[in-house]
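Undergrad: Would you mind keeping the following structure in view while I ask a few things?
Protein chains: 8
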Amino acid sequence: MVDLKPILEDVSSGDLSVDTALERVEGFTRVDDFARFDTQREGRNGVPEVVLAEGKRPSEVASIAERALEKEGRVIVTRIGEETEAALEEVASSVDYTEWSERSCIMVLRTAEYEPPQVDGKVTVLTGGTSDIPVAEEAATTAREMGCDVETVFDVGVAGIHRMFAERHRFATADCVVVAAGREGALPTVVAGMADAPVIGLPVSIGYGAGGDGEAALLGMLQSCTVLSTVNIDAGFVAGAQAAQVARD
Amino acid sequence: MVDLKPILEDVSSGDLSVDTALERVEGFTRVDDFARFDTQREGRNGVPEVVLAEGKRPSEVASIAERALEKEGRVIVTRIGEETEAALEEVASSVDYTEWSERSCIMVLRTAEYEPPQVDGKVTVLTGGTSDIPVAEEAATTAREMGCDVETVFDVGVAGIHRMFAERHRFATADCVVVAAGREGALPTVVAGMADAPVIGLPVSIGYGAGGDGEAALLGMLQSCTVLSTVNIDAGFVAGAQAAQVARD
Amino acid sequence: MVDLKPILEDVSSGDLSVDTALERVEGFTRVDDFARFDTQREGRNGVPEVVLAEGKRPSEVASIAERALEKEGRVIVTRIGEETEAALEEVASSVDYTEWSERSCIMVLRTAEYEPPQVDGKVTVLTGGTSDIPVAEEAATTAREMGCDVETVFDVGVAGIHRMFAERHRFATADCVVVAAGREGALPTVVAGMADAPVIGLPVSIGYGAGGDGEAALLGMLQSCTVLSTVNIDAGFVAGAQAAQVARD
Amino acid sequence: MVDLKPILEDVSSGDLSVDTALERVEGFTRVDDFARFDTQREGRNGVPEVVLAEGKRPSEVASIAERALEKEGRVIVTRIGEETEAALEEVASSVDYTEWSERSCIMVLRTAEYEPPQVDGKVTVLTGGTSDIPVAEEAATTAREMGCDVETVFDVGVAGIHRMFAERHRFATADCVVVAAGREGALPTVVAGMADAPVIGLPVSIGYGAGGDGEAALLGMLQSCTVLSTVNIDAGFVAGAQAAQVARD
Amino acid sequence: MVDLKPILEDVSSGDLSVDTALERVEGFTRVDDFARFDTQREGRNGVPEVVLAEGKRPSEVASIAERALEKEGRVIVTRIGEETEAALEEVASSVDYTEWSERSCIMVLRTAEYEPPQVDGKVTVLTGGTSDIPVAEEAATTAREMGCDVETVFDVGVAGIHRMFAERHRFATADCVVVAAGREGALPTVVAGMADAPVIGLPVSIGYGAGGDGEAALLGMLQSCTVLSTVNIDAGFVAGAQAAQVARD
Amino acid sequence: MVDLKPILEDVSSGDLSVDTALERVEGFTRVDDFARFDTQREGRNGVPEVVLAEGKRPSEVASIAERALEKEGRVIVTRIGEETEAALEEVASSVDYTEWSERSCIMVLRTAEYEPPQVDGKVTVLTGGTSDIPVAEEAATTAREMGCDVETVFDVGVAGIHRMFAERHRFATADCVVVAAGREGALPTVVAGMADAPVIGLPVSIGYGAGGDGEAALLGMLQSCTVLSTVNIDAGFVAGAQAAQVARD
Amino acid sequence: MVDLKPILEDVSSGDLSVDTALERVEGFTRVDDFARFDTQREGRNGVPEVVLAEGKRPSEVASIAERALEKEGRVIVTRIGEETEAALEEVASSVDYTEWSERSCIMVLRTAEYEPPQVDGKVTVLTGGTSDIPVAEEAATTAREMGCDVETVFDVGVAGIHRMFAERHRFATADCVVVAAGREGALPTVVAGMADAPVIGLPVSIGYGAGGDGEAALLGMLQSCTVLSTVNIDAGFVAGAQAAQVARD
Amino acid sequence: MVDLKPILEDVSSGDLSVDTALERVEGFTRVDDFARFDTQREGRNGVPEVVLAEGKRPSEVASIAERALEKEGRVIVTRIGEETEAALEEVASSVDYTEWSERSCIMVLRTAEYEPPQVDGKVTVLTGGTSDIPVAEEAATTAREMGCDVETVFDVGVAGIHRMFAERHRFATADCVVVAAGREGALPTVVAGMADAPVIGLPVSIGYGAGGDGEAALLGMLQSCTVLSTVNIDAGFVAGAQAAQVARD
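Protein chains in written order, with full-length UniProt numbering: chain G, 1 to 249; chain Y, 1 to 249; chain U, 1 to 249; chain D, 1 to 249; chain A, 1 to 249; chain H, 1 to 249; chain V, 1 to 249; chain E, 1 to 249.
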């Protein structure tokens, strides 16, 4: 939200009309009658417009993506199903840069003019197992699009803990570490006990029976005896964006 | 339920036969052997016969719709799946007015003779996001069919709270406000802290991981620090009917 | 929240200084460094300042109550424990009007100058059992303090449903009906099937074993086949305030 | 389980060989290597062999059904999916009597020689709504196959409670009443407050959002202020068999 | 609920005044302004007035007990805490017969004139362990007060299943069997596989950790592969009353 | 349960009377009318009679303990509260050997004649934190009383995983390892990834907020990517007895 | 994890280079960039590399299987879906020994050179019902591949408990007993009360309504009054591997 | 965990003995036989030794505190109950600096020699209500002890959202913002939509009924439409330490 005081002062001094003042306070762009997106956030904290496709109709996602490209020069779409992917292919055909990951169902579109941000910050993303990779990649792509240097290390879970020890130099130099894990979700705790940088736990909806679908992993991260914060199950975008915000500081 | 006393008095005075008295007490219409619907409710509180298609067989829904049209001149059917839609198309072919929303899976049928009610009351329906629209539309259609003036405002959730502020004049004049929201479901609380009219929270089954499918939204509305009442997750019809009952008073 | 536009216009025209404009936008009063309460809500929607004592220290509650009396002329405190009651007795000694219900742990304090509001609206509060009375009384007191005419009918639950039928004339004339029920919580559904006015379900934390502590009652109200909205378990204040808002319209 | 003492006495007296004694103690029939069914239960408490098809492979269900027909002359199969139905059609082609309900997914097969039991007992099965009928029919078929006189009354739920009152003579003469209800599941409580006979609650997996899939209904029946016992959600067979056991006494 | 038809006929014929007709329809007795109890239930299904003390104030319980004694000649009070016990001692001092069980917190009061019912029916109550006894006794007392012959067998749980086999003659002759069990709650299933009479499962809030407080026991009874119905955790009164209703038929 | 066949053969051959045969089949000892304990289990699988005091009255515990001492020469009582401890002190005054742990609320009593078993097997018990020690000690005492060599290692949880590595020689030689952990409960997984012997997870009711009271620990052990089995939260006796059974093989 | 001390000593004495020391400490093999598997576990505790196909892409599973065959000479893959089965058929075409169970979705592949282990230990696997067989077979296959002698006994659940008694000689000689059961899951408790060997409960996701999908079974095993440990719902591999570890000792 | 490679190299070169190498790898200090704490963590990531008193005996807490003071010169103890407070007062009597907050149950002890760290970083801690203050203070104290500049703003929750807007300049300059909120927990979402710095949600166990005790707050934060990470309910220490780690970067 914009700071009201300077706007009020400008209105008071006559430097700003009432209508323009209201427009600035609003600070969003309408997409037809079903969406309005925030045009100030990226400037503020570096978090780009990301469209969660799940729960929206393919045509809605495409319209929002088009408007975002127009306004921002880039859009990231996550959790893309088959039909939405088709709808986005059309949007993609008119832009310069498209990155599509079938495994993590994420698409990045950029116009030719768009200049990706670059910040001084390194994020390392670890996974406990092979099945955690799609979610981890959502986090990695997000942090990379926010300008960070990103490194990924997969399948180093605690069941054979020597695998993680062998890779500890890869998170030793990070400014923020994201640790994705399903099942018992113990890897973030062990990493947080060893890392210098802040650790963000990213529970993954892997596992069956009691505590399955990421529940045990989430609860284990919340109960961790070490210092770490967590995000929701499969919330790769949130983990990646938070990590980039931390790393860029 | 009819008031027993006058019926008893009429029976006592001989103005009413025992059989007719029983019929009045019953006050419902049978549909074959599997359904009986209430023929007194709409006169009583303005809530029309609404058929929830989910869990019923298409042929059952069609039969109930036909009988309702015959008795009431209008029927509203919600949560219509593909097969049921086909079955209703046939019923629709013999009536004068059909309104079908593919997005919210709701159909309104009216005979030529039917005169829709009109009450003096305005209901505003807000949504936090784009994905909440189908449920919000179920509420809006219901309130509109009950005779209210209905306005909708979509995608004004709290993550970019300035979007909602810019639209607050649209619920300032409402007699009742319905606020549909999934994910963290915080919008009804913020609106209830600003609105003059009663607010009804309508949680939507949007969101993943812990608290997903509307659970966090429902719990957040129940825990709200402001004054608001709530309905079940995705219960668009209930929210709309309750809002219309409040607005028409 | 105040409407920004007229304030901006007054600032623009020079009729309002920037500082006063900010003050109006803030619209709250500080209590030491630990609380700030809303001084505009009652004027807006009739909901008075109510202090939830649970979770606050007795001295904090007393300070907030004193400041509220000073600013508003009345304060309502709910969920008062033994120690807090003692702390409030002192505050009470300096005001003109005190109403203390040991059963429902609620206290109303008013200064001599305070003139209670009066609105044209009737609220009927029903309970399923004897144990639901304390929560029902919290709702009744709230609606009464908001100026409504309030009637209560206790112990008319569905296990012996003829008890409720015998009292149905008492909610027939209400503008809003609050139905408090624990255990299986079926009374609001039956009442909503019979009442003309909107019904608000108020689940009560009565019951043991599976679904105890009001869980079955809350879920039953959310699942109701009739039209009703609900509030959280034991949320007597919310139910009463919402009912009064509905009734006064 | 057979009474050990007389068998021991017969062994002691030489009237029974050790091997035959063991056989009697076993009291079951093997179906290949994957099933063994109880050949003494029906003689004991009247409950027939019922095969739950869900979770078994179609060929397994058919084999068990064949063996049961051979040994008992009748078999009841519940929760039949499409493939299993096909497999059973073949078994059905070689028996004299087949009863197949598509709505409730239940099949009864009897050989020509089989003489259905007849007991002196009436069971009434009520449902709250139209969607509860399939589960109610599973209960009704079971009780009927156990020899009871069974009556069904559908769609008399509490939202329009006058519908149930109009039919109360139909459960007034029952020896046991089964009440099937989804959503808020309040009907069993109201019926148990009015019936002379024992009432068995049968929650149905109807309803959405919080407390959906029968959860609210089950909890409401467990919390009921009246006297009733309950069975699991959708457990039509258990409710019908228990009712028949109660009614036949 | 009384049958409306004959009352209507009597009103019609002039044999019954409107006021008396209403009174009969009401069929309850008021206790001050906080309770009204059902004066027709015992005549109807044999279930006596039982007052659940939990959640009521001691003075309320005493008042209800007094009124019930006056009207019915007997009252049963369950879940009596220390303070309520003291309040009831006074009521007890003026009646002829008092039975107080400290272990199960239940009190039975009868006036000198009261003649306990006697029905032809036997109920056997089993427990899995020693800790289940208080709840089992609540069931036993209830069935006994309803006129049944009651036998109890304690501590025969499935961990040492030979203990139960040695006592199986004690439920072989019952008309209804109540099986109380905490922890894994498997005893009702094993008994229902062996008994001729209907079995009612009574889960007990014994057990710690996951599934503790009777949750595992309740779920296990609901999931039972045999035929049994169940009541809520610790609902000794409900189990006993239902068993007596079944046994007396 | 005894093997029926040889008993039947002995009865057949006249070597055994019917009454003695029944007694052997029963195989338990009665304690007044409220308890019966298994006199064959220890001979069978080495698990001694252990009395869970929680949920039993002090006098009941004392009576069972006395009878067990008489029959078995030893008794172990767990989860002893203050009053029960007093009751047991009296029983203890008449025996030769008493071991009382205030921290883990466990008491072992032995008569002078009793000879503790000795088996060839080592059990190592680890804990994640200091707060897990009481539960771990219940496991250790049980295994020790069953004749095992028991070693304990405390406070070696995964937050500082080097603490555990420094002690890994202490479980390298065990025949079975019990790992007690609360909070996120990750230690059993890490140990199972390194140990040669079977690992039993023992979740402890330590931790607050979501997943507290041992829930996250239990779920994490059930979801473990390694091979381990688990027992319920705080079930120290079960873990210890199972470990001793495994170790003694 | 390898013992650090001897490696450090060898490095100290010059017998081991730093690089080789690190390699030994790592002790895993990489599969492309998405997996690394433990090459020391089988030598340590006999548990073979088992690939859980669920959650991995078919091509990933095939690659891991190929690498494992190369390194270990055998691989076991569980929870194989249709597409993965096709991918594995190709891998299978180049090895000497393939065992594929459609019912339990498990595949064992061995090269010609591979010599299966043989240990001295017997594991008996029991199931409560027919539907529990697929999970039980996963346990049986795992224990058999670890070199144990395995016996299976199906459909002996507690509803007709005589079925299990007739087969008790089949687990009397086992070194470890696995008991798979869904629904109420009471069989492990009854078996543990009768067996000499340690019992491992294996809950199965069979059952509907409350406590369905194995929840009641799991909770019942955790709450068992006997001594048994448990694994997660449907965790056949874990139960079989733990049983083999116990049996081989 | 120390980096193994240089230690191995030093051992290889003879610069380090095997025993010293092991000691370094261990890196912890023993407290009697029940605790061992990490002596390297603070140097690594700035997180000080914090003792969670809950679940430990007072004497254990005091011993650990003493040893920590000896080794580190400072100790922070959280969740201190009455008895533990008394035990710590004695420890406090021998140190130079004691800070005790009765409201948040936290104590900081420092020796005279101890020099508190100072980092360049600002943390702002907000609360939604007055009841959230104790948990917020735990976070604030932790961040302050880690050397950050800390500002607190209380009672600015979303029900009267203008209160928060009036204070937004206080988090505009922060390097990390901690937002503590109970009830519906919406404040972190609104703040994260407006702040430039990373936001950490801290749910507080305030609230009653469904979603009470912080559950709705936690779920709402996990479901937030904005970018924020969260910690467990009431985990003030974790939030404060994570915030300080982020701020100091």
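Each residue gets a CB set at the ideal place from its N, CA and C atoms; glycine is no exception.
Everything numeric in this text was worked out from a predicted model, so none of it was measured.
Determine, using beta-carbon pairs with one atom in the stretch 58-73 of chain H and one in the stretch 109-121 of chain H, whether at least three such pairs fall under 8 Å.
TA: yes
Undergrad: Can you look up Ser-224 of chain G in the DSSP assignment and give me helix, strand or coil?
TA: Indexing the first sequence from 1 puts residue 224 of chain G at position 224. Here Ser-224 of chain G sits in coil by DSSP.
Undergrad: From Val-191 of chain D to Ile-233 of chain U, what does the alpha carbon distance come to, in whole angstroms?
TA: Looking up residue 191 of chain D in the fourth sequence gives position 191. Looking up residue 233 of chain U in the third sequence gives position 233. Each residue's Cα considered, the two are about 26 Å apart.
Undergrad: Answer with buried or exposed for Arg-103 of chain H, where buried requires no fewer than 16 other C-beta atoms within 10 angstroms of its C-beta.
TA: Indexing the sixth sequence from 1 puts residue 103 of chain H at position 103. When all chains shown are included, Arg-103 of chain H counts as exposed.
Undergrad: Can you name, in chain order, every residue of its own chain whose Cβ lies under 7 Å from the Cβ of Glu-138 of chain G, other than the five neighbours on each side?
TA: Stepping through the first sequence from its first residue, residue 138 of chain G is reached at position 138. So the qualifying residues of the chain are Thr-78, Ser-104, Ile-106, Gly-236, Phe-237 and Gly-240.
Undergrad: With 16 as the cutoff for other CB atoms within 10 Å, does Ala-86 of chain H come out buried or exposed?
TA: Locating residue 86 of chain H in the sixth sequence gives position 86, where the first residue counts as 1. Exposed, since its Cβ has fewer than 16 Cβ neighbours within 10 Å.
Undergrad: If distances are taken between C-alpha atoms only, which option among D:Gly-129, D:Ile-7, D:Cys-176 and D:Ile-133 comes closest to Ser-224 of chain U?
TA: The residue labelled residue 224 of chain U in the question sits at position 224 within the third sequence. Taking only the C-alpha atoms, the option nearest Ser-224 of chain U is D:Gly-129.
Undergrad: Can you list the residues of chain A that Ala-35 of chain H reaches, using a CB-CB cut of under 9 Å?
TA: Here residue 35 of chain H refers to the residue found at position 35 when the sixth sequence is read from its first residue. What Ala-35 of chain H touches in chain A: Gly-129, Thr-130, Phe-154 and Asp-155.
Undergrad: Runs of 3 residues minimum, wholly inside the UniProt domain "PurE" (121-249) of chain D: which ones carry the beta strand (DSSP E) assignment?
TA: Listed in chain order, they are 122-127, 149-153, 176-181 and 199-203.
Undergrad: Just checking: is the beta-carbon of Ser-12 of chain V within a distance shorter than 9 Å of some beta-carbon in chain E?
TA: Indexing the seventh sequence from 1 puts residue 12 of chain V at position 12. Yes, its Cβ sits closer than 9 Å to a Cβ of chain E.
Undergrad: In the structure shown, what three-state DSSP assignment does Thr-111 of chain U receive?
TA: To locate residue 111 of chain U, count along the third sequence from 1; it is residue 111. In the three-state reduction of the DSSP assignment, Thr-111 of chain U falls in the coil class.
Undergrad: Return yes when the Cβ of Lys-56 of chain D is within less than 9 Å of the Cβ of Ser-101 of chain V, no when it is not.
TA: Position 101 of the seventh sequence holds residue 101 of chain V. Position 56 of the fourth sequence holds residue 56 of chain D. Contact: no.
Undergrad: Going by the beta-carbon positions, is the gap between Tyr-208 of chain G and Glu-54 of chain V smaller than 9 Å?
TA: Residue mapping note: residue 208 of chain G aligns to position 208 of the first sequence, counting from 1. Residue mapping note: residue 54 of chain V aligns to position 54 of the seventh sequence, counting from 1. Yes, the pair counts as a contact, with Cβ atoms nearer than the cut-off.
Undergrad: What are the boundary residues of the alpha helix (DSSP H) that includes Ser-59 of chain A?
TA: Within the fifth sequence, the letter at position 59 stands for residue 59 of chain A. First-last of the alpha helix (DSSP H) with Ser-59 of chain A: 58-72.
Undergrad: Using beta carbons (cut-off 9 Å, strictly below), is Val-246 of chain Y in contact with chain U?
TA: As a working note, residue 246 of chain Y is residue 246 in the second sequence. Cβ-Cβ to chain U under 9 Å: yes for Val-246 of chain Y.
Undergrad: Taking 9 Å as the CB-CB limit, is Ile-200 of chain A close to chain D?
TA: Within the fifth sequence, residue 200 of chain A is the residue found at index 200, counting from 1. Closer than 9 Å to some Cβ of chain D, the Cβ of Ile-200 of chain A qualifies, so yes.
Undergrad: Hey, how far is the Cα of Leu-218 of chain U from the Cα of Thr-189 of chain A?
TA: Translated into positions along the third sequence, residue 218 of chain U becomes position 218. Translated into positions along the fifth sequence, residue 189 of chain A becomes position 189. Put simply, the backbone Cα of Leu-218 of chain U is about 31 Å away from that of Thr-189 of chain A.
Undergrad: Is it buried or exposed for Val-11 of chain G, if we count other Cβ within 10 angstroms and need 16 for buried?
TA: On the first sequence, position 11 is the one that residue 11 of chain G refers to. It counts as buried.
Undergrad: At the level of alpha carbons, what is the spacing between Ala-210 of chain U and Glu-83 of chain G?
TA: Here residue 210 of chain U corresponds to residue number 210 of the third sequence, with the count starting at 1. Here residue 83 of chain G corresponds to residue number 83 of the first sequence, with the count starting at 1. Taking the straight line from one Cα to the other gives about 43 Å.
Undergrad: Do you know how far the Cα of Gly-214 of chain G is from the Cα of Arg-183 of chain G?
TA: Residue 183 of chain G sits at position 183 when you count from the first residue of the first sequence. Residue 214 of chain G sits at position 214 when you count from the first residue of the first sequence. Arg-183 of chain G and Gly-214 of chain G: Cα-Cα distance of roughly 6 Å.
Undergrad: Answer yes or no: do Gly-46 of chain Y and Pro-117 of chain Y have a C-beta to C-beta separation smaller than 9 Å?
TA: For this step, residue 46 of chain Y is matched to residue 46 along the second sequence. For this step, residue 117 of chain Y is matched to residue 117 along the second sequence. The answer is yes: Cβ separation under 9 Å.
Undergrad: Skipping 5 residues on each side, what residues in its chain have a beta carbon closer than 7 Å to that of Gly-157 of chain H?
TA: Within the sixth sequence, the letter at position 157 stands for residue 157 of chain H. Only Gly-128, Gly-129, Ala-181 and Leu-187 meet the Cβ criterion.
Undergrad: For Pro-203 of chain A, is the classification buried or exposed, using 16 other Cβ atoms within 10 angstroms of its Cβ as the cut-off for buried?
TA: Residue 203 of chain A sits at position 203 when you count from the first residue of the fifth sequence. Buried: at least 16 other Cβ atoms inside 10 Å.
Undergrad: Taking the beta carbon of Thr-141 of chain Y as the centre, do at least 16 other beta carbons fall within 10 Å, making it buried, or is it exposed?
TA: The sequence position of residue 141 of chain Y within the second sequence is 141, counting from 1. Thr-141 of chain Y comes out buried.
Undergrad: Note down, in chain order, every chain U residue with its Cβ under 9 Å from the Cβ of Asn-232 of chain A.
TA: Residue 232 of chain A sits at position 232 when you count from the first residue of the fifth sequence. Gly-207, Tyr-208, Gly-209, Ala-210, Gly-211 and Gly-212, listed in chain order.
Undergrad: Does Gly-185 of chain V pass the burial test, meaning 16 or more other C-beta atoms within 10 Å, or should it be called exposed?
TA: Within the seventh sequence, the letter at position 185 stands for residue 185 of chain V. Buried, by the Cβ-count rule.
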